[in-house]
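Okay, structure first, notes after.
Number of protein chains: 4
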Amino acid sequence: MAIRTIVWGENIHEQTNDVVRSIYPDGMHAVIAKALNEHPDIEATTATLQEEEHGLPQGRLDQADVLVWWGHKDHGAVSDALVERIAARVWEGMGLVVLHSGHFSKIFKRLMGTPCALKWREAGERERVWVVNPRHPIAAGLPEHFVLENEEMYGEAFSVPEPLETVFISWFAGGEVFRSGMTWRRGAGNIFYFRPGHETYPTYHDATVQAVLRNGVTWAYNPQARYDAIHDAPNVPVESALEPISERGPRLHQAGEAGYR
Amino acid sequence: MAIRTIVWGENIHEQTNDVVRSIYPDGMHAVIAKALNEHPDIEATTATLQEEEHGLPQGRLDQADVLVWWGHKDHGAVSDALVERIAARVWEGMGLVVLHSGHFSKIFKRLMGTPCALKWREAGERERVWVVNPRHPIAAGLPEHFVLENEEMYGEAFSVPEPLETVFISWFAGGEVFRSGMTWRRGAGNIFYFRPGHETYPTYHDATVQAVLRNGVTWAYNPQARYDAIHDAPNVPVESALEPISERGPRLHQAGEAGYR
Amino acid sequence: MAIRTIVWGENIHEQTNDVVRSIYPDGMHAVIAKALNEHPDIEATTATLQEEEHGLPQGRLDQADVLVWWGHKDHGAVSDALVERIAARVWEGMGLVVLHSGHFSKIFKRLMGTPCALKWREAGERERVWVVNPRHPIAAGLPEHFVLENEEMYGEAFSVPEPLETVFISWFAGGEVFRSGMTWRRGAGNIFYFRPGHETYPTYHDATVQAVLRNGVTWAYNPQARYDAIHDAPNVPVESALEPISERGPRLHQAGEAGYR
Amino acid sequence: MAIRTIVWGENIHEQTNDVVRSIYPDGMHAVIAKALNEHPDIEATTATLQEEEHGLPQGRLDQADVLVWWGHKDHGAVSDALVERIAARVWEGMGLVVLHSGHFSKIFKRLMGTPCALKWREAGERERVWVVNPRHPIAAGLPEHFVLENEEMYGEAFSVPEPLETVFISWFAGGEVFRSGMTWRRGAGNIFYFRPGHETYPTYHDATVQAVLRNGVTWAYNPQARYDAIHDAPNVPVESALEPISERGPRLHQAGEAGYR
């Protein structure tokens, strides 16, 4: 088994900001992919905004088991067509791990159906991430809590749908809290949002954060066959009903006609 | 208290199909609104696809507490701008009741983030709706189950997110089942999907169905003040942090700058 | 409508500890009941451990719409028979609001099916309670967050089942977080756990806390008829099946026999 | 990896009823264990009510990864002490798969906190089990639905807490529906309830049912280290607080004292 994982990086601040470049000279995506590849079952590659089709042509997405998403500066630059393509793949069973400022990415908002807004402060303050769901697969091997000495603050209320499970909650030195790890399922696809990862701090070099990334990918991975049927709304004709029934009353549709969409 | 409710009807088949017109000569929306108005706290009016701005200009939506949606033949005719306007109102606290073929409406898919597809058969078969969550507000006053002698079949798998609560599950004579009543919350808005209501049958004239519609509206109603803050992603400056902190490390944003979207 | 509410107080520390007595000379239950009675729809009375049947004989429970529970020092003194009686009433539709150290009460553990354990520290530290589900009925009228300057710390992981909804999350000065407001439904009964309320601090005199208590009671109230059927596991004989079926194959039970329990 | 699984069988009707004995001459537990052992990662053994400590002494439970439970005739014969022992192991991370009439077992009711009641009819009628959560691990490899030609009917309302996820819903020939596959998490333990399996029918010889059993066990298995800390409610002294705080205000507990339970 190899969990074919694509780490998508917006790759803007690494090119334009000296601080970010100094921390992630090859891009954040490169550090994340390297951390993922330390897991024997994960086979991670990268894609960036600047590549053709943002590095995610249909053929490549079709082969992907899990997509990891980091974006911040220019969410709007991602084409709507790609967003729909990714959403379809998630429904078919591709896992999705959304990181930090990706809360405002088109794909996350598309799958949540909510604004996904939050409070924020860029002050390099202390974040303490608490595991509230011990022994959840995403918390495997973690201590009760871990500290990121310098992080951007994200504060509640975070406008996402009630999750399937809450895994992490963060405490911030400035007085806020945040549900930093949550899971959802959309179609056959598992979705994990993980808060930490502001680009001006070395968060993705942190060993515990890297462990969460690996756990997130292995959790999000759905080993079953692609669920193509999710796109169908099949008519079941009377004559092939599972129990014998007769047609009764008037109808709108002619036999064999497709439903309205 | 008056729960200001708008019943939106697509109003196509009532104009073009003799069977539907004979059952709903003034439109399905009229029958639904009349049933809702039998509740002392509900004040229901109607809107249709054919009206200017589909009958839902911003000013009217701003005054609405609950929106009831029935559409089928031409979901695509609803403008994307209106869909965004409705979604914003739901996040702000407007309740939404989606009926039957509205599962494929743009607004329902927008808020669910999934395809919302299902199986279907138009054979006038028997549907038995079971209450699986007795004493849920939406099931108030209902028997353990009720029968609709002629209905269109909708069958699982229904590709919606795991609901907050499942209220009804339907049994169909032809052998299928369907989660016919489910609830979600998106932002401050309560959403209820209710399955029955194919236009060629007199479903909305049924007394039990009408009771469910009234329950659905009173349940979806959020009496609290409009939640405008859901659209904001406020920066909390260091100097106004709730706990005293000092800025540390580098930052991307200048003081007072808005976040990226 | 009057929401008949019983505030149950353990009433031990108020009798044995000078500090607690000075804050709550008539008992914590008296202060809580008084705060509840400020709501026009709530009719609150009190009961204590020391009364006969702990103040909760069957006849009184039968008339109760909502029970509020505060206990700490001697959870074990509550009789198991009473715990079962309360659980039955919750399943039938009586609301239950469990406060602070009531997390370890027999009735809460009985209904959760988990240990309900947590971390704690009694240092009078600052607690900041954040609303993570704005416009939830339990958060009605509240600001984005509120502060209790002196409270006992409760820290995660709090071993309760994943809630229906998380309403509040607390930040503590000492570095912990806690899901301070959560809801569940058990049978027809709504359950709300609310964290604050250590007896050596004047928490229940706080106006915002009192607002939460009132919101909690009105939210937990189920106005529908008592759901007695929850105790039944009825046999549905073949001859009265909803659809015509014939008995096939062998069976264990004789006609009219009750099922095994 | 071997998922050490114990299949617990009540083993009464196999001894006392000719029909049941003819279908399961070595006991239902033997057939279930054999089906599980066809999975390369599962190592299943059996235990029965009649054995000492019902075959589940502490030492054996300590070594178990998953427990599968089938009981019906004499739930009351299982000792309360064993029920608590099993509950503790589930909270620590042991998976639990509860089958059919096990809905009324002490251990299931203990972990759910509800009556777990339902309607029933023993008429050998047709059950059609629908997958409502395609590509859920428990539905791996299954068709959209499968049929058990002769089964006992279980009908809603099934009084269990709202599940984490609903996987299966059954259609019955006599007109009822039932949520036949649901999941919950209690502490670190995954719980799966699966409806089919009346002892007078050859249900556990069915290949699809056997696939569900294997999926259920592999899904319920939590490979992480035993979560012993779930039994603790640790005090965190002021002097070892994660953030520097000073003790303020009065307190009840002396330093080092345990909390009340």
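Protein chains in written order, with full-length UniProt numbering: chain Z, 1 to 261; chain C, 1 to 261; chain D, 1 to 261; chain G, 1 to 261. We put the CB at the ideal spot given by N, CA and C, even for glycine.
In this chain, Arg179/C is not harboured by any alpha helix (DSSP H); it is covered by the beta strand (DSSP E) spanning Val177 to Arg186. Beta-carbon to beta-carbon, Leu82/D and Leu99/D are separated by about 18 angstroms, too far to satisfy the 8 angstroms threshold. Rounded to whole angstroms, the separation of the alpha carbons of Val7/G and Trp69/G is 6 angstroms. Per DSSP, reduced to three states, the secondary structure at Ala229/Z is helical.
Not a single CB atom of chain D sits nearer than 8 angstroms to the CB of Gly174/C. In the structure shown, Val78/G adopts coil according to DSSP, grouped into three states. Collapsing the DSSP output to three states places Glu14/D in a helix. Ranked by Cα distance from Arg214/G, the first of Ala44/G, Trp120/G, Gly256/G and Thr200/G is Ala44/G. Residues of chain D with a Cβ closer than 9 angstroms to the Cβ of Glu165/Z are, in chain order, Glu162. Excluding its 5 nearest sequence neighbours in each direction, Tyr221/Z has C-beta neighbours in its own chain below 7 angstroms: Ile3, Asp65, Val66 and Gly95, listed in chain order. Rounded to whole angstroms, the Cβ separation of Phe172/G and Ile138/G is 21 angstroms, and the two are not in contact under 8 angstroms. In the three-state reduction of the DSSP assignment, Met153/G falls in the strand class, which pools E and B. The criterion of a C-beta distance shorter than 8 angstroms is not satisfied by Ser170/G and Arg126/G. Membership of Leu96/D in the beta strand (DSSP E) is indicated by the continuous run Gly95 to Leu99.
Going by C-alpha positions, Glu156/D is about 44 angstroms away from Lys119/C. Nearest C-alpha to Val238/Z among Gly174/C, His136/C and His75/C: Gly174/C. Taking a contact to require three or more Cβ pairs closer than 8 angstroms, the stretch 176-195 of chain Z and the stretch 194-201 of chain D do not qualify as touching. Against chain G, the CB of Asp206/D has no partner CB under 8 angstroms away; the residue lies outside that interface. Non-local C-beta neighbours of Ser101/G in its own chain, meaning closer than 7 angstroms and more than five positions away in sequence, comprise Gly71 and His72, ordered along the chain. DSSP assignment within the stretch 7-68 of chain G yields the following whole alpha helix (DSSP H) runs of 4 residues or more, N-terminal first: 13-16, 18-23, 28-37 and 58-62.
Annotated three-state conformation of Gly216/G is helix, per DSSP. Taking a 10 Å sphere around the C-beta of His205/C, we find fewer than 16 other C-beta atoms and assign the residue as exposed. Closer than 8 angstroms to the CB of Leu111/G there is at least one CB belonging to chain D.
Within the DSSP secondary-structure output, His145/D pairs in a beta bridge with Trp130/D. Residue pairing for Phe192/G: DSSP places it in a beta bridge opposite Val97/G and Thr183/G. For Tyr193/Z, no Cβ of chain C is located within less than 8 angstroms of the residue's own Cβ. For Ile245/G, there is no enclosing alpha helix (DSSP H), as DSSP gives it neither H nor E.
Distance check between Pro250/D and each of Ser22/G, Glu144/G and Gly76/G places Ser22/G closest, using alpha-carbon atoms only.
Here Val167/C carries a strand assignment [DSSP, helix/strand/coil]. Within 7 angstroms of the CB of Tyr227/C, the CB atoms of chain D belong to Pro134 and Arg135, in sequence order along the chain. For Ala140/C, a Cβ of chain D is located within less than 8 angstroms of the residue's own Cβ. Beta-bridge partners assigned by DSSP to Glu125/C: Glu151/C.
Within chain Z, the residues placing a beta-carbon under 9 angstroms from that of Arg179/D are Val132, Thr166 and Ile169, ordered along the chain.
Residues of chain G with a Cβ closer than 9 angstroms to the Cβ of Arg21/D do not exist; the shortest Cβ-Cβ separation is about 11 angstroms. By the 16-neighbour rule on beta-carbons within 10 angstroms, Thr16/Z is exposed. Using a Cβ-Cβ cut-off of 8 angstroms, Arg89/Z is close to nothing in chain C; its nearest Cβ partner there is about 13 angstroms away.
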